[in-house]
Structures are given as structure tokens and as C-alpha cells.
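Residue numbers (my numbering): 20 to 385.
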């Protein structure tokens, strides 16, 4: 593996869309007891279900601490590759590399700086040094060259690509004080285009209400095809999510992508009933620095947009809500050639994210 200081776009590399063909997917085994309730046992069962579904159509690599290696190997199916790797938590989308490729099919990784979603300003935990080394370790594991972009703070969940020159991000996240406060919006946009081989950034104003990542784009809006997106939505004008989603819809209806296409928007309604922490769930979480990480009644950032597109399937979070089935139907319209797989997601969202947040795709290469 070479550590590169050149510019991906200049080298002819770009970020493919998630709906393009994958080699595989990276996940990280859950273990942190202030993130995952009751020793993370329920979370691990959910991770196994997701890993098993993904591994039916692409390679699944699970990164596991030395303490959990034997447990993970016993719980996971044999087709899942288990690799020992230290981490601070299980958010592979944000700590594994963002993969880029060129027209010859060569794949490289980008090693962004990671500071736990805001560093000492408003980050979610400290220290985060083990997480900040995962991207480079994965590139070494995959035997692909790695771009050194550690001077730029960015998480994989904060960007979406259509694979044809367009990137989506939220202003609330990438312009937050805890990321790159010394850079202007124009400078951040230029960095994204240079690193991801893009020509245009669509800046959505906001994300999902209560999303503690400063509102990652992967929870509010996602590309399903070139020129097409799904947007998290509610019809309830009294719900705090309504104004956030409406601001995004208004922008998308005025926007075009890098190819000049108008954006087709499908609305993907959030759960009808807010997904909130119970007292029992809070009691199952360790304290962090003497303080609780969750409180009873706290509303979680539940969204069906936080799905993962595998080669043969789309894994969709389910919350035991009346909107679960309509979400599956809408995504079935978006991906008619893929199996739509419902995944009970309660034990994942307690940790703060969902299916997309715990997965990171690896593009196919020649």
C-alpha cells in the first residue's frame, strides 16, 4: 500500500454511487457499552443479521477487537471474513475509508480525518484515535493505495455520490464548528470535488431532527439512481422534522445534478410515531465520563433513508411502525431488481445510527 499525497480527481479517480456494483462491504463489531445496551448482545445479533444478508451477494469483512474475535467468529456465518482490528466504536460508514476508482477499474481509499463528529467542540466521545487509524488499516488489508486526507475532517455518512459527478451533503453537518471551522463553504466544496472526482455539490440545508452527527445526509436523502433520490418526509406540519424536510424538498425541486438533470424526488415517510428511548433501555447503557449517553423519552433520529444497497438486496430499517411497510414498497419501486430486506433496527438506533451508518461499501475493481 502506498500513502498518496496527490489529488484523486487529478489522478482520474471518483466516488462511485452506492447502487453500482460492489466487491464487498466493511462492518465493525459492536462492543462499546455506553453506546450499545446490556453488553451489546442485542446489537450483535442485529449486526449478524445484517452481515448475513449482505454476504449473500457480496463479500462482507467484519473488523473485530481481539477480545471479541472468538465470539464474532462463532456468531457470524462462515462466508463472512473476520479480521482483528482495534476501534473505538462500530460506525464503519464514518471511520472506514471512502473508496474511489478510475475508468480502468482501479480502486483506492481516502483516509479522512476523524474526530468523533465534532472533536472537543461537540464530539460524541474521546479519545477517538483508534477510529482515526481504521481507514488506513483497511486500505492495507485490501492492498489498495490510500490518499492521505487526514487534514480534512469528514465522515462517510456526511456524503452521498451519484457516481456521475454529483455529491450531496448537508450544510448543518459539513459547515459545523466541530469539523473544519477554518474553511469556508466554497473551500469545503472544492475539497469535496477534488477528493471525490465530482463537479457539483448539492447542499441540503438540514437533516433528521435530533441527529447527533450534526445531521448527516445519509439519514435524510440518498441517491437511488442518477438524477433520482429518496427524501425523508412527514406530512405532520407540527412535527419538528417537517420544516427540515420541507427546506430540503424546496431546494431539490430547484436543483439539477452535474449532468444538468432535474432531480426526481420520492418521499420516504419517517415513522408515524417518534422512536424514543425507554427507561429500561437507558438503564442498560454505561455512563460516559460520569454522564448518561441517553435519557428516557429522548427522540432518536429514526429514518428509513438509512438503508444499505447491496449487490442483490436493499436492507431497510424497520421500527415496528405503520410506516414500515410503505417504506419497503417505496424502495421496491426504486430498486425493482433487488430484494428488499426488512431489518428490525431498534437495537441499532439506540447506538445513534442505523444500517447505513454501520456499513461501508467497497467498489468492484478489475
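Quick reminder that beta carbons are idealized off the backbone N, C-alpha and C, glycines included. Fair warning: this is a prediction, and the values are worked out from it, not measured in the lab.
Could you check what DSSP says for residue i in three-state terms: helix, strand or coil?
i	result
residue 243	strand
residue 380	strand
residue 344	helix
residue 186	strand
residue 293	coil
residue 359	strand
residue 97	coil
residue 405	Because the chain in this structure spans residues 20 to 385, residue 405 falls outside the shown range and cannot be described.
residue 52	coil
residue 65	helix
residue 92	helix
residue 103	strand
residue 82	strand
residue 177	helix
residue 6	Outside the shown range of the chain (20 to 385) lies residue 6, about which nothing can therefore be said.
residue 117	strand
residue 317	coil
residue 153	helix
residue 335	strand
residue 327	strand
residue 395	Here the chain covers residues 20 to 385 and nothing more, so residue 395 does not appear.
residue 374	coil
residue 310	strand
With distances taken between CB atoms, is the gap from residue i to residue j smaller than 9 angstroms?
i	j	result
residue 27	residue 166	yes
residue 322	residue 345	no
residue 231	residue 225	no
residue 98	residue 327	no
residue 154	residue 136	no
residue 248	residue 349	no
residue 314	residue 289	no
residue 214	residue 119	yes
residue 320	residue 72	no
residue 110	residue 176	yes
residue 240	residue 294	no
residue 142	residue 134	yes
residue 49	residue 107	no
residue 163	residue 45	no
residue 384	residue 126	yes
residue 79	residue 138	no
Buried or exposed: residue i, going by 16 or more other Cβ atoms within 10 Å of its Cβ?
i	result
residue 262	exposed
residue 286	exposed
residue 257	exposed
residue 339	exposed
residue 31	exposed
residue 244	exposed
residue 216	buried
residue 309	exposed
residue 83	buried
residue 273	exposed
residue 59	buried
residue 369	buried
residue 330	buried
residue 124	exposed
residue 22	exposed
residue 360	buried
Three CB pairs or more closer than 8 angstroms across the segment 367 to 378 and the segment 256 to 272: Taking a contact to require three or more Cβ pairs closer than 8 angstroms, the segment 367 to 378 and the segment 256 to 272 do not qualify as touching.
Validate contact between the segment 297 to 317 and the segment 198 to 210 using beta carbons, cut 8 angstroms, 3 pairs: Taking 8 angstroms as the limit for Cβ pairs, the verdict is that the segment 198 to 210 does not touch the segment 297 to 317.
Is the segment 176 to 191 in contact with the segment 139 to 155, if contact means three or more CB pairs nearer than 8 angstroms? No contact exists between the segment 176 to 191 and the segment 139 to 155.
Closer than 8 angstroms is the cut-off here; do at least three beta carbon pairs connect the segment 114 to 126 with the segment 51 to 70? The answer is no - the segment 51 to 70 does not touch the segment 114 to 126, with fewer than three Cβ pairs under 8 angstroms.
Uninterrupted beta strand (DSSP E) stretches inside the segment 20 to 50 (no shorter than 3 residues): Within the segment 20 to 50, the complete beta strand (DSSP E) runs of at least 3 residues are 41 to 47.
Residue ranges of each beta strand (DSSP E) run of no fewer than 3 residues wholly in the segment 246 to 287, ordered along the chain? At a cut-off of 3 residues, the continuous stretches assigned as beta strand (DSSP E) that sit fully inside the segment 246 to 287 are 247 to 252.
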